[in-house]
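Protein chains in written order, with the numbering used here: chain B, 1 to 230; chain G, 1 to 230.
Here is the structure we will look at.
Protein chains: 2
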Amino acid sequence: MTAHLIHELEDLKRRIFSLVAMVEDNLSLAVKAVQERDESLALRAIENDAPIDHAEVAVEEECLKLLALHQPVAIDLRFIVAVLKLNNDLERIGDLAVNIAERAVFLHALPLAPFPFDFDTMAGKAARMLKHSIDALVDSDVPAAVEVCEADDEVDAINRDMYEQVKTAIREQPEHLDALIHLLSVSRHLERVADHATNIAEDVIYLVNGRIVRHAPDIACKHEDMKEDR
Amino acid sequence: MTAHLIHELEDLKRRIFSLVAMVEDNLSLAVKAVQERDESLALRAIENDAPIDHAEVAVEEECLKLLALHQPVAIDLRFIVAVLKLNNDLERIGDLAVNIAERAVFLHALPLAPFPFDFDTMAGKAARMLKHSIDALVDSDVPAAVEVCEADDEVDAINRDMYEQVKTAIREQPEHLDALIHLLSVSRHLERVADHATNIAEDVIYLVNGRIVRHAPDIACKHEDMKEDR
Numbered sequence: 001m002t003a004h005l006i007h008e009l010e011d012l013k014r015r016i017f018s019l020v021a022m023v024e025d026n027l028s029l030a031v032k033a034v035q036e037r038d039e040s041l042a043l044r045a046i047e048n049d050a051p052i053d054h055a056e057v058a059v060e061e062e063c064l065k066l067l068a069l070h071q072p073v074a075i076d077l078r079f080i081v082a083v084l085k086l087n088n089d090l091e092r093i094g095d096l097a098v099n100i101a102e103r104a105v106f107l108h109a110l111p112l113a114p115f116p117f118d119f120d121t122m123a124g125k126a127a128r129m130l131k132h133s134i135d136a137l138v139d140s141d142v143p144a145a146v147e148v149c150e151a152d153d154e155v156d157a158i159n160r161d162m163y164e165q166v167k168t169a170i171r172e173q174p175e176h177l178d179a180l181i182h183l184l185s186v187s188r189h190l191e192r193v194a195d196h197a198t199n200i201a202e203d204v205i206y207l208v209n210g211r212i213v214r215h216a217p218d219i220a221c222k223h224e225d226m227k228e229d230r
Numbered sequence: 001m002t003a004h005l006i007h008e009l010e011d012l013k014r015r016i017f018s019l020v021a022m023v024e025d026n027l028s029l030a031v032k033a034v035q036e037r038d039e040s041l042a043l044r045a046i047e048n049d050a051p052i053d054h055a056e057v058a059v060e061e062e063c064l065k066l067l068a069l070h071q072p073v074a075i076d077l078r079f080i081v082a083v084l085k086l087n088n089d090l091e092r093i094g095d096l097a098v099n100i101a102e103r104a105v106f107l108h109a110l111p112l113a114p115f116p117f118d119f120d121t122m123a124g125k126a127a128r129m130l131k132h133s134i135d136a137l138v139d140s141d142v143p144a145a146v147e148v149c150e151a152d153d154e155v156d157a158i159n160r161d162m163y164e165q166v167k168t169a170i171r172e173q174p175e176h177l178d179a180l181i182h183l184l185s186v187s188r189h190l191e192r193v194a195d196h197a198t199n200i201a202e203d204v205i206y207l208v209n210g211r212i213v214r215h216a217p218d219i220a221c222k223h224e225d226m227k228e229d230r
């Protein structure tokens with residue numbers, strides 16, 4: 001590997017960290033907007049998506065440039081392909097933050113209902129999974145990646161529980177149907193953030209082991225956990 | 001480009017066509033299972049996912065091999081990166097077909113409710129978008145790709161309409177809440193199939209024009225249409 005490629009790959013990692021930080025902050029802002037029913041926070045989260053999109057485009061262009069100019073092989077090639085894929089996941093997580101913020105805008109316009117839903121815990125878990133999946137990539141840390149896959153089960157369980165809570169609330173307070181359907185969507189969006197983090201973790205395992213695990217039934221990243229949403 | 005690379009790229013295109021056909025057939029089967037509340041069809045659709053996953057892994061390995069062995073540049077490099085990304089989209093569409101089939105299993109176990117929901121039209125539109133996006137890729141056909149992006153608006157509109165219909169049905173027949181929530185998910189899953197087809201179409205435009213359009217506000221593939229789901 002040339003010194004030039006080493007330098008460029010370090011730069012690529014820095015770009016990814018910066019993009020992840022932007023995505024995490026915006027997700028947290030969007031969830032706060034839902035929890036506090038704060039329209040101005042929600043609108044800020046929606047506006048924040050443009051710079052995230054630009055950063056994501058820049059990462060993709062950088063990957064294409066590295067492939068064309070340096071024609072990397074082996075682990076470097078796999079790393080760049082993993083970055084191309086996780087870049088897509090980060091973009092989708094960014095979009096999910098916007099979707100959540102849009103729900104906050106809708107909720108703001110609806111009558112206040114008692115909301116016993118704890119999105120902070122769910123969002124916190126999903127954000128940690130995302131952070132750990134990126135750390136696992138940069139450190140080529142397979143055990144950390146496997147932990148991310150395992151954590152996905154917890155988020156899936158919270159989502160299922162949330163579905164039951166919402167259905168109960170609809171039965172008890174049908175007058176809040178609109179708000180409750182929006183909250184169901186927020187839960188589903190957060191569950192999908194965790195799915196994307198899991199996708200990234202799977203690619204880390206692939207990167208290090210050279211083995212595609214997302215359809216291999218015999219290891220921690222089980223296919224059942226990878227389904228997009230429920 | 002060497003004769004060998006030309007041959008390998010043709011082979012890659014054939015693999016993609018074959019994978020798309022499998023994904024389309026399974027999506028259609030899953031929707032039929034929902035419409036006819038047929039559990040055995042649903043279980044077949046769930047089983048069909050394994051060969052789809054294997055085909056998808058084979059495509060990814062093939063792309064890695066082509067990048068490593070032929071170190072392609074310019075349009076060939078962009079094509080292979082586009083295939084890597086659409087491969088991901090196809091896998092997700094495959095997962096969505098499974099999610100839809102799972103809903104059919106749940107629905108089968110619930111009391112029969114009057115379902116005025118026309119999923120066939122929505123599924124047909126989404127499947128056509130998928131087919132056209134792949135054709136656009138193989139033919140490097142930008143106008144066809146733009147048409148796919150435009151068709152996404154129609155599917156989004158059907159999904160929004162479906163939400164309203166379901167909310168009305170919940171109000172009128174609260175005893176069918178469980179089934180109706182499942183049907184809401186089916187609609188959302190189909191809307192996301194269309195989103196994935198749109199992603200593929202965007203990548204075609206990128207491939208041909210060398211321009212990432214998914215965040216460019218001035219052309220038909222508007223960012224607003226690209227959001228994952230609502």
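We treat Cβ as the ideally placed atom computed from N, Cα and C, and that holds for glycine.
Which residues bound the alpha helix (DSSP H) around residue i?
i: histidine 176(G); result: Neither: histidine 176(G) is in no alpha helix (DSSP H) and is coded neither H nor E.
i: asparagine 99(G); result: 74-108
i: glutamine 35(B); result: 3-35
i: aspartate 235(G); result: Residue 235(G) is absent from the model: chain G starts at 1 and stops at 230.
i: leucine 66(G); result: 49-70
Name the residue from the options whose alpha carbon lies nearest to the alpha carbon of residue i.
i: isoleucine 134(G); options: Asp156(G), Leu64(G), Ala197(G); result: Ala197(G)
i: aspartate 156(B); options: Gln173(B), Leu190(B), Gly124(B), Ser185(B); result: Leu190(B)
i: leucine 255(G); options: Phe119(G), Val138(G), Tyr206(G), Arg37(G); result: A query on residue 255(G) cannot be resolved here, the shown segment of chain G reaching from 1 to 230 and no further.
i: aspartate 195(G); options: Glu164(G), Pro174(G), Arg171(G), Glu154(G); result: Glu154(G)
i: isoleucine 52(G); options: Leu137(G), Asp25(G), Ala201(G); result: Asp25(G)
i: glutamate 202(G); options: Gln71(G), Leu180(G), Ala151(G), Met162(G); result: Ala151(G)
i: arginine 92(B); options: Arg15(B), Ile205(B), Val208(B), Asn199(B); result: Asn199(B)
i: glutamate 56(G); options: Arg14(G), Leu41(G), Lys32(G); result: Arg14(G)
i: glutamate 8(G); options: His132(G), Asn88(G), Arg192(G), Lys65(G); result: Lys65(G)
i: alanine 113(G); options: Val193(G), Ile16(G), His176(G), Ile205(G); result: His176(G)
i: glutamine 35(B); options: Lys85(B), Ala101(B), Ile80(B); result: Ala101(B)
i: lysine 32(G); options: Leu5(G), Ala58(G), Phe119(G), Glu147(G); result: Phe119(G)
i: valine 235(G); options: Glu47(G), Arg188(G), His182(G); result: In the structure as shown, chain G starts at 1 and stops at 230, and residue 235(G) therefore has no counterpart that could be examined.
i: glutamate 62(B); options: Ile75(B), Phe79(B), Asp49(B); result: Phe79(B)
i: valine 20(G); options: Leu77(G), Lys131(G), Leu29(G), Ile181(G); result: Lys131(G)
i: alanine 127(B); options: Leu90(B), Leu107(B), Val142(B), Ile170(B); result: Leu90(B)
i: valine 138(B); options: Leu41(B), Glu39(B), Val208(B); result: Val208(B)
i: tyrosine 206(B); options: Leu183(B), Ala136(B), Gln173(B); result: Ala136(B)
i: leucine 317(B); options: Cys149(B), Arg103(B), Val59(B); result: Residue 317(B) is absent from the structure shown; chain B starts at 1 and stops at 230.
i: threonine 121(B); options: Leu67(B), Ala68(B), Ser187(B), Val148(B); result: Ser187(B)
i: leucine 180(G); options: Ala145(G), His108(G), Leu5(G); result: His108(G)
i: alanine 144(B); options: Asp11(B), Leu29(B), Val204(B); result: Val204(B)
Taking 7 angstroms as the CB-CB limit, is residue i close to chain B?
i: glutamate 10(G); result: no
i: alanine 68(G); result: yes
i: glutamine 71(G); result: yes
i: leucine 177(G); result: yes
i: leucine 77(G); result: yes
i: threonine 2(G); result: no
i: aspartate 225(G); result: Caution applies to aspartate 225(G), whose pLDDT of 37 falls short of 50 and renders its modelled position unreliable; the value that the coordinates give is listed next. By this cut-off, aspartate 225(G) is not an interface position.
i: glutamate 228(G); result: Note that glutamate 228(G) scores 40 on pLDDT, short of 50, meaning its location in the model is unreliable and no value can be drawn from it.
i: lysine 222(G); result: Residue confidence is low: lysine 222(G) scores 44 on pLDDT, short of 50, so the model does not pin down where it sits. Its coordinate-derived value is still stated next. Output row for lysine 222(G): interface = no.
Does the CB of residue i have a neighbour CB from chain G at under 7 angstroms?
i: leucine 27(B); result: no
i: lysine 167(B); result: yes
i: valine 148(B); result: no
i: valine 155(B); result: no
i: glutamine 35(B); result: no
i: leucine 86(B); result: no
i: phenylalanine 17(B); result: no
Does the Cβ of residue i lie closer than 6 angstroms to at least one heavy atom of the ligand SAH?
i: alanine 151(G); result: Among the components modelled here there is no ligand, and therefore nothing to report on the ligand SAH.
**Request:** With a floor of 3 residues, list each beta strand (DSSP E) that falls wholly inside the region 123-172 of chain G, ordered by position along the chain.
**Result:** Look at the region 123-172 of chain G and you find no whole run of beta strand (DSSP E) that is 3 residues long or longer.
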